[in-house]
Amino acid sequence: MRKPTDSPPPSIGYLAWHLSLRWRAQLDRKLAPLRLTSAQYGVLASLTGLSRGGAQPSQRELADFTGLEPMHVSKLIRALERAGLVERASNPHDTRAVQLKVTDRGAKVVKAGRATVLALEEQRLAPLGGRGSEQSAELRETLLVLLRHTETMRSASRQPAAERDLPDERELVRGGG
Numbered sequence: 588m589r590k591p592t593d594s595p596p597p598s599i600g601y602l603a604w605h606l607s608l609r610w611r612a613q614l615d616r617k618l619a620p621l622r623l624t625s626a627q628y629g630v631l632a633s634l635t636g637l638s639r640g641g642a643q644p645s646q647r648e649l650a651d652f653t654g655l656e657p658m659h660v661s662k663l664i665r666a667l668e669r670a671g672l673v674e675r676a677s678n679p680h681d682t683r684a685v686q687l688k689v690t691d692r693g694a695k696v697v698k699a700g701r702a703t704v705l706a707l708e709e710q711r712l713a714p715l716g717g718r719g720s721e722q723s724a725e726l727r728e729t730l731l732v733l734l735r736h737t738e739t740m741r742s743a744s745r746q747p748a749a750e751r752d753l754p755d756e757r758e759l760v761r762g763g764g
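This note's numbering applies: residue 588 is where the sequence shown begins, and numbers increase by one.
Below is the structure:
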């Protein structure tokens, strides 16, 4: 039982942030032999997924998909391009857009990276019974709910102020706003 003089327990946000930092550092170490950082791997793996079926997404589409700032994605893509893992090309339909393509070498690296990521995830989730456990499935679903909610909040914050948080017409009539 906690004493009144004890400090409060850490917030969920703090714990998620701290766990994320530790997991990212572990992943950076595990991906180092592939000459990738966790951020580069995340962008390369996301681009690989978006490119299925021969699509060549733009940097903006990749940024929107990953939730990263476009300038950060651009910096990561330039590094991946220098490493020969990604190719950038002008979009024939939009001169402002850059189309992205994973190279054959990039596909091999992302495949090796995925094996590394899955093995590390199995180790990380061992206290919950491993990747296939019921506890891990519940954690995955909870994280997906939180991510969807965060995306909803993010989308709402991008709306013009005039469209955001307007009271319902019925509230105005009742004097609620």
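Ideal Cβ placement from N, Cα and C applies to all residues, glycine included.
Distance between beta carbons of residue j and residue i, contact taken as under 8 Å
{"i": "Q646", "j": "S661", "result": "6 Å"}
{"i": "V630", "j": "T653", "result": "6 Å"}
{"i": "A612", "j": "V697", "result": "Incorrect: roughly 21 Å between the Cβ atoms, too far for contact."}
{"i": "P644", "j": "L637", "result": "5 Å"}
Straight-line gap, residue i to residue j (C-alpha atoms, nearest Å)
{"i": "D755", "j": "E738", "result": "Model confidence at D755 stands at a pLDDT of 47, short of 50, so the residue's coordinates are unreliable and nothing is read from them."}
{"i": "G762", "j": "W610", "result": "Note that G762 has pLDDT 46, beneath the 50 cutoff, so the model's placement of it is unreliable and the number below is only indicative. Cα-Cα distance, rounded: 50 Å."}
{"i": "A684", "j": "G600", "result": "36 Å"}
{"i": "R741", "j": "E728", "result": "20 Å"}
{"i": "P596", "j": "L614", "result": "27 Å"}
{"i": "A676", "j": "T690", "result": "12 Å"}
{"i": "L707", "j": "R701", "result": "10 Å"}
{"i": "P714", "j": "H680", "result": "50 Å"}
{"i": "L608", "j": "S598", "result": "15 Å"}
{"i": "T703", "j": "S594", "result": "38 Å"}
{"i": "L606", "j": "A743", "result": "27 Å"}
{"i": "K688", "j": "A603", "result": "33 Å"}
{"i": "H659", "j": "L734", "result": "20 Å"}
Beta-bridge partners of residue i, as assigned by DSSP
{"i": "E725", "result": "Answer is none; E725 lacks a bridge partner."}
{"i": "S645", "result": "Q686"}
{"i": "A676", "result": "Q686"}
{"i": "D681", "result": "N678"}
Beta-carbon spacing of residue i, residue j below 7 Å
{"i": "G671", "j": "R692", "result": "yes"}
{"i": "L712", "j": "R718", "result": "yes"}
{"i": "A694", "j": "L621", "result": "no"}
{"i": "Q686", "j": "L663", "result": "no"}
{"i": "L649", "j": "L634", "result": "yes"}
{"i": "G716", "j": "Q710", "result": "no"}
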